Structures are given as C-alpha cells and as structure tokens.
Amino acid sequence: MESHVPHEQTTHDTAEKYDFAAIQEKWLPVWDELQPFSTADVADDRPRKYVLDMFSYPSGDLHMGHAEAFGLCDVLARYWWQRGHSVLHPVGWDSFGLPAENAAIKRGADPRDWTYSNIEQQKASFRVYAPSFDWSREIHTSDPEYYRWNQWLFLKLYEKGLAYRKASPVNWCPNDQTVLANEQVIDGKCERCGAQVTKRNLTQWYFRITDYADRLVDDLSELEATWPSKVLSMQRNWVGRSSGADVDFAIEGRADPITVYTTRPDTLFGVTYMAVAPDSVLATELAAGSSTEVQAEFNAYLEKTKTESDIDRQSTEREKSGVFLERYAKHPLTDDLIPIWAADYVLADYGHGAVMGVPAHDQRDLDFALAFDLPVRVVVAPGGEPDAEKDPSATGIAESGEGQLVNSGEFDGLTKAEALEAVTARLAECGAGKNAKNYRLRDWLISRQRYWGTPIPIIHCDKCGEVPVPEADLPVTLPPAAGLDLRPKGTSPLGGADEWASVDCPSCGGSARRDSDTMDTFVDSSWYFLRYLSPNSDEVAFDIAEAKKWAPVDQYVGGVEHAILHLLYSRFMTKVLHDYGYLDFHEPFKALMNQGMVLMDGHKMSKSIGNLVEFADQLRDYGADALRVTLAFAGPPEDDIDWADVSPAGSTKFLARAWRIAHDVASEPGVELSTGDVTLRRSVHRFLADAPELIESYKFNVAIARLMELVNVTRKTIDSGAGAADPAVREAAETIAIALNVFAPYAAEDMWANLGHQPTVAHVQWRSAEPALLVEDEVTAVVQVNGKVRGRLQVAPSIEPDELEARARADANVIRAIGDTEIRNVIVRAPKIVSIATAK
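The sequence shown maps to residues 6 to 845 in this note's numbering.
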C-alpha cells in the first residue's frame, strides 16, 4: 500500500521538538486526500451512529463558541468511529436570515455575496480545526437546491391544513420591519437586533403547531434519560398545557356568550369583574356599544396597548390599567351582573382573550381590582373560615392556596380538589361550561417581510384566491438582489420585483401575483438533519431508505439557547413527517448535549467591552489541538468556561509531553504487548476500562485527566533507564495515541506515524482492557489513630474487615501511637482504611 506518511515522520533521529504548526501542515493534505470520515460506502455494514452539531450561521469567521461546540461534538464522533461504528457527522450552514440581509444592506452588498464569502472563511477555519466532517454532505440552506424542499414541505403542510394564512395581532420589530414569532421575542425585544417589539394587525402565514401541542409535551417523557432536564422543563413550560374549564358568560345586548378559560373553576363564585384584551376583536365590538366618551377612551387605550410587548403587559411589577366598557356579563350560576373592562394584562391570543376576574385568589386580578376599587370576595379559605387578618383587600396579597369553599352556595365546604370537579359538572349540566385544556403555545408564524429567505410558494389570484405553486415548478427562486430596495420598510422587497411577482395563475391562467413574503429561517433548520441524508438529490428532500438507515440523530450537540425555538420546531416537523409516512420515528434527536458559553473575565465576549478572544488568534498561537484539549478539559460541557481561567499554553505542554513518548519508544511495531512492566500495563488497562464510560457520559475533562496520568506513568517508566524498549511502553504509547485522537487529532496522528503505523489513527479500534490486569494483587490500607496516619499495610483487595482490624492493631507503629490509652472506637472500611479513636 502506498504510504501517506511524510518521510521524516517515520524516523526517530529527528529533533524531538513539538511544533504544532508543522504537524498541522503535514497532516492536513494527507487527510484531504484520504477523506477518512466519508460515509459514501453503501456496502459498509458496521453499526451506525449519527452525530450532529447545531449548524453554524455564517456571520463571519468562527468564534470561540463554535470552537467549544464543534470540538466537544467531535470528541463523540471520533470516539464512535474508534468503537467500530460508521459515523455520520455532516456539516452545513444556516445561511438565510435577517443578520445577513442587514449586514449586506449596511455594506451596500448583495446578501448572497456576503453570506457565501463568510461560508468560505468558516470552511477554511474548520479545515484547520479538523472536525471529523463528511464534507461530501455539505449543505447551505440558501441554495435553491435546499430551499426548494422548504417549499415542498410548505405545500405538504398546506395540503393537510397545517399551513394557513390569517389576520391577527402579531409581534412587529420596528427596526427590522418584519414580524416575529412569539419565540423570537426575548424580554419584549427582538432576539436579532434588540429593538422593543410592538404589535400590529397583519395577515400572515402560520404553521398549525398547536395541533401537536399534546404530543410535544407527552413525548418528552421518552427523552427524560438523554436530554438535559432544563431543556425538557423549558419545552413543557413553553407549550404551557393546563387543565381547567371553559365557562360561558352571557352578555347583555349580545346574542353569543363570552367563553372564558380558567384553571380555577372552583373560584367561580369569587368573580367580581370580567376583563378582555384591548386588542381583541371582542373588545372592539363591546366598546362599539358604549358611550361616545368611552369609545374615545378605549380607542386611545388600544393604541397605547399596541406599543407594549406581551412581557410588559403581563408583568406583575407594572401598575394595572384599563377602561370600563359600560357592558355587563351574567354570572352563569347566580345571574349576578359582572362589569366588563378592557385591560392590557389580558392577551388576545391566550385562552379566548377574556378572563374572569377573581381578585381574592389571583394576584394580577387583585392588583387590578384594588386599582379600580372593585369588590374582592374570598371563596376559598383554609379551615373553611375566612381569616380577617389575611383579607386580600386589606393585605394586597391574593390567597391562591388550598382550602375549603366559602361564599359559594351549595358548594360550601368542598375542598378545592372536590370543587374543581363539582363546579365544572354543574356548569355542564346547565350548558354553561365544560372541561377544557389550554396552551401557552401559539401557532408558528413563519412569514417575514424580508428578501433573504425562502419564497413562499403561493400565488394570489383575484378569481381563484390562494393557489399553491405546482411541485413541478419548484423551486421558486429569489430574483437577483440588484435593483431591489432591500432596506426594511414594512413590506417585502420581493413585492417590488414586478417581473418576478407577476405570473399566470396555475389554476385559471389569469393574471396573478406571487406571495411576496419569505419563510422564517427556523423552517430551514427544522428539518436540515434529514437533508444531510440525501444532500445532492434533486428527486426527494431525503431518501426514506436513508432515513431508516441513519436517523434519528443519535447525538445532538448545541447551545441551550435553542431549547425552545429550534428544538421545538424540529420536533414538530419530525412528527408531521412521521404522520405523512416519510419517517418511522417521531422524535428527531435521541440524545442532546448542551455546551456552556465561553466567557472572558466573567462576561460574555464582546468587542464593545474589549474582552473579545478571537478564535483565529488562538488557533494561530496555540494550534487546533491545544484549543480542543483546553475546551474539553475546562469542566463539564454544560458549564460556562471563562477563558481567563484556562490555559491553552498548559495544554500545549501536555501535548508535547505525550508526543515525545512516541519518539522515545524503542521497540518495533508488532512486538508482543502482553509482556513488560506490569505496573505500567495496569495503568494502561485501567484507563482502557474507565475511559469509554467517561466519554459516553460527557465527562471529557475527567477522561483527559486520566490520560494525563497515563502519560506521566509512561514517562516515568521510560526515564527509568531500559524502559524505552519495554513492550509495555509501546502499548502505553499506542493507547495514548488512540485515545488522544478524540481530543487532539494532529498530535495523535503524528504519534501514530512515529510509532511506525500508517494513517489514520482515527480508524484504529479502541482496545479492550484485559480483566486480569484490572485485578489488584495488593492494595495499600491506611491506618489512622486519632485522625493521623500511623501505618500503611499491604493487603489483599478481598481482605475481611476483622482481619484488617487485627493486622492494624498488630502494627508496631500503631501500637506505639496508641500507647496506654483506651481504644474507644474503630471504623474499618476494608480494604482501604482503618480509623482508631482513643480516649487520649
């Protein structure tokens, strides 16, 4: 076989100087030629693993966060290759989106040019950093060959009624001049630019994710053992499923009742007012029946509400505000008249856009009632008697705990749990209510008024209405950016591309126009892991047979900041494709590992505060291996890393120490490894036994610490004199090279070559530990007297506690330490410790 190893790598007479830059230059072209991580061999019958990083957004060169995430994921990918698996570890770019468009506008450039130049820069950095990617599967979501299938997915959802268009209040970013999904509003601000988000009434495209709300919650139970509990909680809380009742309140002067959702039907007799969302259709309708003065007051209040975020409106810290609409509802069980208010703490898209105000038992309701001098009626009391000292109208604190019903007619005396069922049953009897579930989750708003995204494949015809673009006409490609005004202005730039927008209706042949909005980029990333299975196909989005072979993803790695948006959308899309018969699984990612952030001096890295650590600088100064080892050794993956507290220089010293071992081995390849220094061999095989569990449980830092110990023991054996020729030293050196591959592939490959082997060490199987070498013939038992070590005994690992105590009492040093004092207590932890306490 032709050698791929540079000649000087196979000799032992070269200067033993660890030069990471030279090693990188030597091995990169070899790996480029070998493509060791290709999964193109369809005849490969090894067990399979699909290991995936959350793919990169090409906003510039790679940064330290990328270095951590991709480095840690690569530990797992390389490990599974060495455990005998064929590992799919693909790479791609999430290349559509607002940041690219905004950056291009700022620079007067085409978003495509800016995006793809950044991709090339990141590719060059990735090549040096050397993740085990299968580069033949590379994808960019902004390629027509990719987003054609976004459009295909849209049409499939549209066909089943899961994609639809409606008018409703939406989140609006005044800076980016586009709508945002609820998940893209963080603390009332746009997640992309930080601008304060407002509300607008617009007609937009949605995916009906709420149809899957129950499954999105229930199926999380399947992930309990393999996903971080924090992520599971975040997803459950975002879906926000609750159980309660829908209660119908008749309205004076209105034919239809108002339906209110409540989780506390037991407090129905405590209702003293009703509140409706000012920006709901219901509020506008009710206000229209009020006096001229109230209508004017309501209209002003509505305009103010539109400038407020949902987060601000629901804050418990802000002063409550509202407008009495001069309308009344009837209590469904007592016929009492209840005043109706418009109040901005009620949201139009939660429940039915109206709440029953129960001030005594809900803090926001109480705050509102006290602000407008509305009655406060206690209907649930601990012990069945209201406590005057805890009267919410006096204390300002709502009573929301357990108790028995009071002031509730026939239901008095029932516990809260009993009343929940009994009151709901009575409502059902009189046709005024029923059991119901509610969800915080809202349908996924996917349309954006921007250029750089997937065009929505719908044509609008005056005669035929919405007409899907025929699948044979996909992709609907973006027109050139040249000539278009891409600046944010509230409507899509595509609307100004008349030649592109004007088309014949596929249904009637008449004049029509394309939909000018583009899709949210989270559509791109909701299924990209499937496109990697058939990245070059122009026949299918992904091959079903390939999905059966590789998917779902065995190990997913990425930041916890994607716990709601991306992961929720991916789970939804996977379930949809499962229901349509394209997938035989309904969860996309079997296991999830979240990495922490890379900080500097306790703060997030930022140019503005001058603490930015550039990935390119660290790569130049220390090399890829040192960065990878530093990030893996810094602590548990989920913990944040402060770059001020770690030492890539220290990692370089460790790598140099390990690398020199391969130069010092004096035995030849193929020597019988079962002989040699037993102490060293025990260290090797203890490492081989322990390291797999450490890596598979993400304890990378502990695995590296154990590897460092093995390097030190091996170095000590070599330096003992004749040790360099000992077969045990070769066994240790080869074990170090094999294990080091998962953390520092360049040093590992160079060691492997210097040990006389052909590349690549990445495919050398992890060796098994010999059980006999894991059994210790003797262990050291420590004997303490009054907390001080007074003796050490060499004993069998299987020694019985009574025998160990007897030997400890017979030890001369222990006898002297005890002297004439009385022994009060003896604790034996065989075979490691005996602790004796005396009367002193």
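All C-beta atoms, glycine included, are put in the ideal place defined by N, C-alpha and C. Source: prediction; values computed, not measured.
DSSP beta-bridge partners of residue i
i, result
"H145", "W98"
"I263", "F254"
"A280", "W346 and V360"
"H608", "M605"
"C510", "DSSP lists no partner for C510."
"P174", "N206"
"Y55", "L93"
"R453", "T523"
"I841", "V790 and V831"
"T183", "C178"
Same chain only: Cβ atoms within 8 Å of residue i, ignoring 5 sequence neighbours per side
i, result
"L730", "Note that residue 730 is Ala in the sequence shown here, rather than Leu. So the qualifying residues of the chain are A671 and S672."
"V794", "V787 and V788"
"L352", "A282, D315, R318, Q319 and G358"
"Q87", "I743, N746, V747, A767, H768, V769, Q770 and W771"
"M713", "F659"
"K494", "Q182"
"V707", "L699"
"V819", "V788, V790, R795, G796, A813 and I841"
"R112", "W119"
Integer Cβ distance of residue i from residue j, believed to fall under 8 Å
i, j, result
"V244", "R445", "7 Å"
"C198", "D216", "Rounded, the Cβ-Cβ distance is 31 Å, inconsistent with contact."
"L158", "W532", "7 Å"
"T267", "A280", "With a Cβ gap of about 12 Å, T267 and A280 do not count as contacting."
"D271", "V385", "7 Å"
"Q409", "G389", "4 Å"
"F705", "P642", "7 Å"
"V92", "A82", "5 Å"
"A835", "L809", "5 Å"
7 Å Cβ shell around residue i - same chain, five flanking residues per side excluded
i, result
"K845", "N791 and T826"
"A105", "P116, W119, T120 and W457"
"D58", "A74, F75, C78, V562 and G563"
"L160", "P462, P473 and E476"
"H336", "V276 and I343"
"R538", "For clarity, residue 538 is Leu in the given sequence; the question names Arg instead. The answer, listed in chain order, is F547, D548, E551, A552, W555 and A556."
"T16", "Low confidence applies to T16: its pLDDT is 38, below 50, so where it sits in the model is not reliable, and the reading given next is rough at best. Nothing listed; no residue qualifies."
"P63", "W98, S100, T120, N123, I124 and Q127"
"C466", "V472, C510, S512, C513, G515 and A517"
"T312", "T203"
"S296", "E331"
"S43", "D139 and S141"
"D148", "none"
"G294", "G258 and R332"
Residues near residue i by beta carbon distance below 6 Å, same chain, minus five either side
i, result
"A292", "Q300, F303 and L330"
"L778", "R686, R687 and H690"
"M6", "Since pLDDT at M6 reaches only 36, below the 50 mark, its modelled position is unreliable, and the value read off the structure follows with that caveat. Within the same chain, M6 has no close Cβ partners at all."
"P283", "Y306, L307, T310, A347 and D349"
"S248", "K442"
"A733", "G681, D682, L685 and R686"
"E21", "R665 and H668"
Residue i Cβ short of 7 Å to the ligand MN heavy atom set
i, result
"W555", "Inclusion of the ligand MN in the displayed structure is not the case, the ligand content being empty and no account of it being possible."
Where are the beta strand (DSSP E) runs, 3 residues long or more, that stay fully inside the region 194-236, in chain order? Note on the region 194-236: whole beta strand (DSSP E) runs with a minimum of 3 residues are 203-212, in chain order.
Tell me the start and end of each unbroken alpha helix (DSSP H) in the region 314-356 that is at least 4 residues and wholly inside, in chain order. As far as the region 314-356 is concerned, its whole alpha helix (DSSP H) runs of at least 4 residues are 315-318.
Check whether the region 194-205 and the region 122-140 are in contact - that is, three or more C-beta pairs closer than 8 Å. Counting Cβ pairs under 8 Å, fewer than three are found: no touch.
Touching by the beta-carbon criterion (3+ pairs, under 8 Å), the region 259-270 and the region 314-329: Segments in contact, no.
Output the residue ranges of the alpha helix (DSSP H) runs that lie fully inside the region 692-768 and measure 4 residues or longer, sorted by chain position. Within the region 692-768, the alpha helix (DSSP H) runs of at least 4 residues that lie entirely inside it are, in chain order, 705-723, 732-745 and 750-759.
Output the residue ranges of the beta strand (DSSP E) runs that lie fully inside the region 779-815 and measure 3 residues or longer, sorted by chain position. The qualifying runs are 784-790 and 793-800.
Looking at C-beta atoms only, is the number of pairs between the region 26-39 and the region 757-773 that lie closer than 8 Å three or more? Output reads yes: the region 757-773 touches the region 26-39.
With a floor of 3 residues, list each beta strand (DSSP E) that falls wholly inside the region 489-568, ordered by position along the chain. Entirely contained in the region 489-568, the beta strand (DSSP E) runs reaching 3 residues are, in chain order, 507-509, 516-519 and 558-564.
Counting Cβ pairs closer than 8 Å, one from the region 554-574 and one from the region 592-610, do we hit at least three? The region 592-610 and the region 554-574 touch, with three or more beta-carbon pairs separated by less than 8 Å.
Contact between the region 566-579 and the region 604-621 is defined here as three or more beta-carbon pairs at a separation below 8 Å; is this criterion met? In this structure the region 566-579 does not lie against the region 604-621, because fewer than three pairs of beta carbons, one per stretch, are closer than 8 Å.
Which runs of the beta strand (DSSP E), 3 residues or longer, sit entirely within the region 563-600? The region 563-600 contains these whole beta strand (DSSP E) runs: 594-600.
List, from N- to C-terminal side, the alpha helix (DSSP H) runs of 4 residues or more that fit wholly inside the region 380-433. Within the region 380-433, the runs of alpha helix (DSSP H) that reach at least 4 residues and sit entirely inside it are, in chain order, 397-400.
Is the region 519-526 touching the region 485-501 in the sense that three or more CB pairs, one from each, lie closer than 8 Å? Touching, yes.
Three-pair Cβ contact test at 8 Å for the region 580-595 versus the region 624-635: No contact exists between the region 580-595 and the region 624-635.
Can you confirm whether the region 135-144 touches the region 161-175 when touching is taken to mean that 3 or more C-beta pairs between the two stretches lie within less than 8 Å? Because the criterion of three Cβ pairs below 8 Å is not met, the region 161-175 and the region 135-144 do not touch.
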